[in-house]
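To start, the structure itself, in structure tokens.
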Amino acid sequence: MNFDPSALPDLFGRFHPLLLHFPIALLAWAAVGELICVYRKESVPGDGPVSLSWVVPGAAFSILAAISGWLLADPADPDSALAWHRWLGVSAAFLATVTAGVGIAVARGHHNAGNSYRLALFLCVPVVMGAGHIGGELKWGDGFVEKGFEKVFFAPESQDLNQSESTRGQIQALSKGPVEQASQGVSQPAEEIGNQLYHDVVRPLLDTHCISCHGPEKSKGKLRLDIPNDVKDRLREEPVFVAGDPEASLLIELVKLDSEDDDRMPPPEEPGLTADQIKALEDWIRAGGPWPEDSESGRKGPVGFRGELGAASPGKIRILDGHEEDGHEEDGHEEDGEPDDFESLFSEQIYPLLELKCFECHGEKKQKGGLRLDLAKPAMADREFPTIIPGDASGSELILRIELPDDDEDRMPPTGDHLSLEEVSLFRKWIDGGAVWPSEEAVPLEDVEESSVGTSKPAAQTPGQLPRFSPISIEDPEVMKIVESATRALTNSGVRVAPISQSDSAHEAVFRLLRKNAGDAQVQMLKGLEPVLTRLDVAGTAVSRVSVAGLWKFRKLRILNLSETVTTDDDLATLASLPELTVLNLFGTQVSDAGLDILAQMRSLKRVYLWRTKVSPEGAKLLANSRPDLLVDIGEALSKEEPITQD
Numbered sequence: 000m001n002f003d004p005s006a007l008p009d010l011f012g013r014f015h016p017l018l019l020h021f022p023i024a025l026l027a028w029a030a031v032g033e034l035i036c037v038y039r040k041e042s043v044p045g046d047g048p049v050s051l052s053w054v055v056p057g058a059a060f061s062i063l064a065a066i067s068g069w070l071l072a073d074p075a076d077p078d079s080a081l082a083w084h085r086w087l088g089v090s091a092a093f094l095a096t097v098t099a100g101v102g103i104a105v106a107r108g109h110h111n112a113g114n115s116y117r118l119a120l121f122l123c124v125p126v127v128m129g130a131g132h133i134g135g136e137l138k139w140g141d142g143f144v145e146k147g148f149e150k151v152f153f154a155p156e157s158q159d160l161n162q163s164e165s166t167r168g169q170i171q172a173l174s175k176g177p178v179e180q181a182s183q184g185v186s187q188p189a190e191e192i193g194n195q196l197y198h199d200v201v202r203p204l205l206d207t208h209c210i211s212c213h214g215p216e217k218s219k220g221k222l223r224l225d226i227p228n229d230v231k232d233r234l235r236e237e238p239v240f241v242a243g244d245p246e247a248s249l250l251i252e253l254v255k256l257d258s259e260d261d262d263r264m265p266p267p268e269e270p271g272l273t274a275d276q277i278k279a280l281e282d283w284i285r286a287g288g289p290w291p292e293d294s295e296s297g298r299k300g301p302v303g304f305r306g307e308l309g310a311a312s313p314g315k316i317r318i319l320d321g322h323e324e325d326g327h328e329e330d331g332h333e334e335d336g337e338p339d340d341f342e343s344l345f346s347e348q349i350y351p352l353l354e355l356k357c358f359e360c361h362g363e364k365k366q367k368g369g370l371r372l373d374l375a376k377p378a379m380a381d382r383e384f385p386t387i388i389p390g391d392a393s394g395s396e397l398i399l400r401i402e403l404p405d406d407d408e409d410r411m412p413p414t415g416d417h418l419s420l421e422e423v424s425l426f427r428k429w430i431d432g433g434a435v436w437p438s439e440e441a442v443p444l445e446d447v448e449e450s451s452v453g454t455s456k457p458a459a460q461t462p463g464q465l466p467r468f469s470p471i472s473i474e475d476p477e478v479m480k481i482v483e484s485a486t487r488a489l490t491n492s493g494v495r496v497a498p499i500s501q502s503d504s505a506h507e508a509v510f511r512l513l514r515k516n517a518g519d520a521q522v523q524m525l526k527g528l529e530p531v532l533t534r535l536d537v538a539g540t541a542v543s544r545v546s547v548a549g550l551w552k553f554r555k556l557r558i559l560n561l562s563e564t565v566t567t568d569d570d571l572a573t574l575a576s577l578p579e580l581t582v583l584n585l586f587g588t589q590v591s592d593a594g595l596d597i598l599a600q601m602r603s604l605k606r607v608y609l610w611r612t613k614v615s616p617e618g619a620k621l622l623a624n625s626r627p628d629l630l631v632d633i634g635e636a637l638s639k640e641e642p643i644t645q646d
């Protein structure tokens, strides 16, 4: 037995469902008693209101219910209904306490307060009922009571009780299509079937059964089923959707639950999905779960295509297996509308967003973190984690930052309104389309970046220049099978892991989105990626020195982010054994001047970030002077020495 007093608030919060019914019943019954007295034209007795014996315990329980409910609720939950429920509960507790206080005053001789007692009680009870009603909807779904009235007064016609035969036949016909899963992606026939299932079956099902609880107005469980980003979010403890694998998708598990199970979707009080509808959902997920947008003409087409099913647009199109195929029309002329589309997208929407949201910190006057986003060359420069990778939105740090939650200190923009889902989608579309940036006057990168740290060096000694590595190519199918297995396991656990590019087997793994939920157990899942892992980010996680000590196995590791972890000087010896490590982020760690000798001896290291560590400016200056090729960043300018030249 191990007693943890810090868990007591959570324990008390779990008593909220038990406590909340007492104030509702006691205060409601007290109001009924006083209404009867008012109807009989009876004044409040001099020895106290007749309902006081119900109001006092009702007030006490309302306070307990409000406190426990506050402790039970997630303060980060954006659900507006939950916010109303919490504050109405607090208001009810306050009014109940005032009512009890006035009633006690009447019982002690303040007879002129009798009417005030009844007024306070009659104000309190509607607030209690409002809080209870919203609480019921949080539990049972929007319109829980209203749906009961609909069943009584607006019963459906008999022909509407069952799904029409035509719709049923359509679902069955679609579900019999060739759903194929390729080893590296979903085949085009499966994509077409999935796309048609989405438009004809899946989207109407979501709109009818799911959006009321998981849509723009209410997102129960912080889940929205009206946008693909939430449906396909792999960072959840249990993924709602796993493309190609309905058995691993929580959505399928929930819709298949018994009708009396509280966790079933739709909720138990609503009709469940039919077997045909569930099968259509499974086939849609098995086909990759495409979430297409309608083309300009309004006709349906699979993801990556325009127009009718299977009608590819001219130009290069990316097939899901990672290869490109020539989609030119037979006349061989390339339609030049596509580049123009992306150029206008940049000039009309992307650049104004950058100007509004980013230039204050990353513009001409200020370059936070040495980053400029008002010019193409510095925005797409080779950095520790590339800000914009043309053609790869998911691998671009810009997308990662703008999709972080509001309470994350790394979110971009750091203050003010978050980018909307539509704005994020525009950035993704622009980057995946090649990040087209209209021509600008060439600006040398070294003139753009502010060298806020390190000492001034001649061009040949410019610190922080990264070497070019040969692409990693894995020919052994057994090794690739191990790599793919490890990648799937990490992805399913919420880690962002993927190849860095289509032409290279090099992989990156990003744990920092999990924050303290990522520890040594999760890092151990990297086993199998030793031949291909080149970038690792465990910033802000709960990894211990055990995980750091095990990194010696990853001989291809080139970029490592250990910021805000428990890393100390003693751990640097392990990192010194990595032959290709070029970028090391030690921000917010316990590294001190005592570890600088090891950093100086790491000849492959080209950039080291030492902000908010125990490293002194003097020590950083000595390190920078001893290694002219090493960029030493401590977050403040180092005094400049005379330029160092080499013979």
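Oh and the sequence shown: position 8 is 7 in numbering that gives the first Met the number 0, straight run, nothing missing.
A virtual CB, placed ideally from N, CA and C, is assigned to each residue, including glycine.
Bear in mind that the values here come from a model prediction, so they are computed numbers and not experimental data.
Residue i vs residue j beta-carbon contact at 8 Å
| i | j | result |
| --- | --- | --- |
| T490 | V482 | no |
| A593 | L609 | no |
| T581 | L604 | yes |
| S61 | G12 | no |
| G527 | S591 | no |
| A92 | A65 | yes |
| L598 | L571 | yes |
| D431 | G390 | yes |
| L25 | P48 | no |
| E145 | A80 | no |
| F121 | A29 | no |
| W436 | A375 | yes |
| A58 | A104 | no |
Collapsed DSSP secondary structure at residue i in the structure displayed
| i | result |
| --- | --- |
| I318 | A caution first: I318 carries a pLDDT of 31, below 50, which makes its placement in the model too unreliable to give a value. |
| K613 | strand |
| P267 | coil |
| H15 | helix |
| A508 | strand |
| D632 | strand |
| D536 | strand |
| R467 | coil |
| Q276 | helix |
| T626 | Correcting the residue type first, residue 626 is Arg in the shown sequence and not Thr. R626 falls in the coil class under three-state DSSP. |
| Q366 | strand |
| L224 | coil |
| I401 | helix |
| S419 | coil |
| H361 | helix |
| H213 | strand |
| L577 | coil |
| S125 | At residue 125 the sequence reads Pro, which differs from the Ser that was named. Note: P125 maps to helix in three-state DSSP. |
| R410 | coil |
| T207 | helix |
Beta-carbon contacts of residue i that lie in its chain and below 6 Å, excluding the five residues immediately before and after
| i | result |
| --- | --- |
| W290 | P227 |
| F510 | V494, A517, V537, T540 |
| E448 | Residue confidence is low: E448 scores 38 on pLDDT, short of 50, so the model does not pin down where it sits. No coordinate-derived value is stated. |
| N584 | N560, S562, Y608 |
| F14 | S67 |
| W83 | I133 |
Other residues of its chain near residue i: CB distance less than 7 Å, five sequence neighbours each side excluded
| i | result |
| --- | --- |
| G463 | K605, R606, L630 |
| P44 | none |
| I23 | V127, G131 |
| I666 | Absent from the structure is residue 666, since the part of the chain shown begins at 0 and ends at 646. |
| V478 | P530 |
CB contact below 8 Å: residue i versus chain E
| i | result |
| --- | --- |
| Q521 | Looking for chain E here will not work: only one protein chain is present. |
Those residues which DSSP pairs with residue i across a bridge
| i | result |
| --- | --- |
| S500 | D503 |
| V89 | Bridge partners of V89: none, in fact. |
| V582 | I558, R606 |
| R495 | V509 |
| S591 | K613 |
Other residues of its chain near residue i: CB distance less than 8 Å, five sequence neighbours each side excluded
| i | result |
| --- | --- |
| M524 | A485, A488, L489, S492, V494 |
| T386 | L370, L372, A378, M379, A380, S395, E396, L397 |
| A27 | V124, V127, M128 |
| E259 | P267 |
Tell me whether the region 52–59 and the region 76–90 touch, counting them as touching only if at least three CB pairs, one residue from each stretch, are closer than 8 Å. No: the two stretches stay apart, fewer than three of their Cβ pairs being nearer than 8 Å.
Touch check for the region 413–425 and the region 369–379: three-plus C-beta pairs under 8 Å? No, because fewer than three Cβ pairs between the region 413–425 and the region 369–379 fall closer than 8 Å, the two stretches do not touch.
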